[in-house]
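Heads up: the structure comes next, in structure tokens.
There are 2 protein chains.
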Amino acid sequence: MKYINHDDLVNMAPRYRAQIINSLSGFKSANLIGTRNEKNINNLAIFSSVFHLGASPALVGFISRPDSVERHTLKNIQQTKQFTINQVSENFWQAAHQTSANYADDESEFQQTGLTTDFIEGVNAPFVKESQLKYALKLKEIVPIPLNNTLLVIGEITDIICEQAAIKTDGYIDIESLNTVMVSGLDSYHTSQRLSRLSYAKPDKLPTKISLDNEK
Amino acid sequence: MKYINHDDLVNMAPRYRAQIINSLSGFKSANLIGTRNEKNINNLAIFSSVFHLGASPALVGFISRPDSVERHTLKNIQQTKQFTINQVSENFWQAAHQTSANYADDESEFQQTGLTTDFIEGVNAPFVKESQLKYALKLKEIVPIPLNNTLLVIGEITDIICEQAAIKTDGYIDIESLNTVMVSGLDSYHTSQRLSRLSYAKPDKLPTKISLDNEK
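Chains as they are written, first to last, in the working numbering: chain S, 692 to 907; chain F, 692 to 907.
Below, the structure written as structure tokens:
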């Protein structure tokens, strides 16, 4: 086993360290965040830091990097207080990656990457038509993290659009059936293969495999 | 496509809603967090909310649920200011899930699940010997999130232990080769299958597939 201590870390070339550290947290979700600016230009950007924060109220968070450089997603959310999150699937993972290119303020990543906008009433932000699991959020809070000048952006889910067949009896959504992809490191994309769902863990017995529908 | 609005969400049975909402963020990392209490009892708990926060300084965060109920991991970190994060692999995913059972304060999840402790000098928290990618952290900050009484726990990475062969030329760690697993929803475990690494995205050209070593 390779052992890396704090001095090794500090002395690493920045790009090498970025690759190492970005690999440590494990597999990361791949999501496109859709926003709109005041000129109604639609913005789309891939994020690997979207995470579940709570079910009641239904809260989701993501990390925005320092706003010392221009961050269209953050700026748009601050203006409109709304955004969408769209799971990335195997059908458009390369177009999704391409949204991370540094396009100008007045260029829409939708046009540049060939992805399609979709709208619903009451949501002033674009969905990705190609995504089979997506939801709209209203901004609840932006929590500054002074340690490294990042921001934790928290939204409350207002509307969900999901392929019906993927929603199982107990509410579990089979995102593997939607071919949802994930990220490792900064740039590696993966599909998934299910081992199993497991029963709720209790101290006195080992967990057992349960069916996708959580039924006998 | 199924459309769920805010009223539908609010009126859902709590367990059903928890399953739905926990599925929305996409695939989640599976990590075991190791801590030690003041009586030197080793604690181990699975978390699906560990995420990358920054490479310089090397920061990782995770969400701890409300501390109105007893949370051994949180309590131990507050006491010792140290913890370990250990990627869960296909070799011990069921034992990892079992750590979520509600064991008493004086019971170690290591003994209860058959996982093995491992220690290095200067780190007052147990590693999981079976894990092939693990690291120690010192507590930097606990950020309260009043919206739902969760806590964002942030640690700085001090030591990394990783299977040498998984570290590629440019620092990318091939966590697929370590059989690292991921979670969807509350209880489904998955292995991964790589699509490809992609080149850094630029506005004027489409990304291309790159080798695992990021070499020609």
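C-beta atoms are modelled at their ideal positions from N, C-alpha and C, and glycine is treated no differently. It should be emphasised that the depicted structure is a prediction, and the values quoted were computed from it without experimental measurement.
By DSSP's criteria, residue 873(S) is part of a beta bridge. Which residues make up the other side?
720(S) and 881(S)
Extent of the continuous beta strand (DSSP E) to which residue 753(S) belongs
Per DSSP, residue 753(S) belongs to the beta strand (DSSP E) from 749-755.
If the cut is a Cβ gap below 9 Å, which residues of chain F does residue 817(S) touch?
The premise fails here: residue 817(S) is roughly 16 Å from chain F at the closest Cβ pair, so nothing lies under 9 Å.
Can you check the region 767-814 of chain S for any beta strand (DSSP E) of at least 3 residues that lies completely inside it and give the ranges in chain order?
773-778
So, helix, strand or coil for residue 866(S), using DSSP?
coil
Between which two residues does the beta strand (DSSP E) holding residue 835(F) run?
824-836
Quick check: what's the CA-CA separation for residue 773(F) versus residue 827(F)?
Their backbone Cα atoms lie some 7 Å apart in a straight line.
Below 9 Å between beta carbons: does that hold for residue 790(S) and residue 817(S)?
no
Below 8 Å on the Cβ atoms is my contact criterion, and I expect residue 846(S) with residue 751(S) to pass it. Report the Cβ-Cβ distance as a whole number of Å.
6 Å
Same chain only: Cβ atoms within 7 Å of residue 840(S), ignoring 5 sequence neighbours per side
757
Taking a Cβ distance cut-off of 8 Å, strictly less, list which residues of the region 714-746 of chain F are near chain S, in chain order.
From the region 714-746 of chain F, only 714, 715, 716, 717, 718, 719, 720, 721, 722, 739, 740, 741, 742, 743, 744, 745 and 746 have a Cβ closer than 8 Å to chain S.
I think residue 709(S) touches residue 892(F), with their Cβ atoms under 8 Å apart; what is that distance to the nearest whole Å?
About 16 Å separates the two Cβ atoms, so there is no contact after all.
Is residue 851(S) close to chain F? Criterion is C-beta to C-beta, closer than 9 Å.
yes
Tell me which residues of the region 812-836 of chain S have at least one Cβ-Cβ distance to chain F shorter than 8 Å, keeping chain order.
823, 824, 826, 831, 832, 834 and 836
Contact set for residue 797(S): own chain, Cβ-Cβ below 7 Å, skip 5 residues either direction
732
What residues match up with residue 730(S) in a beta bridge as DSSP calls it?
The partner list for residue 730(S) (beta bridge, DSSP) is empty, contrary to what the question assumes.
If we cut at 9 Å on Cβ distances, does residue 768(F) have a partner in chain S?
no
Is it the case that the Cβ atoms of residue 843(F) and residue 837(F) are separated by a distance below 9 Å?
no
Exposed or buried, which one is residue 653(F) when buried takes at least 16 other CB atoms within 10 Å?
In the structure as shown, chain F starts at 692 and stops at 907, and residue 653(F) therefore has no counterpart that could be examined.
Beta-carbon proximity of residue 852(S) to residue 694(F), cut-off 9 Å
yes
Terminal residues of the continuous beta strand (DSSP E) containing residue 839(S)?
That residue, residue 839(S), is in no beta strand (DSSP E); it is neither H nor E in DSSP.
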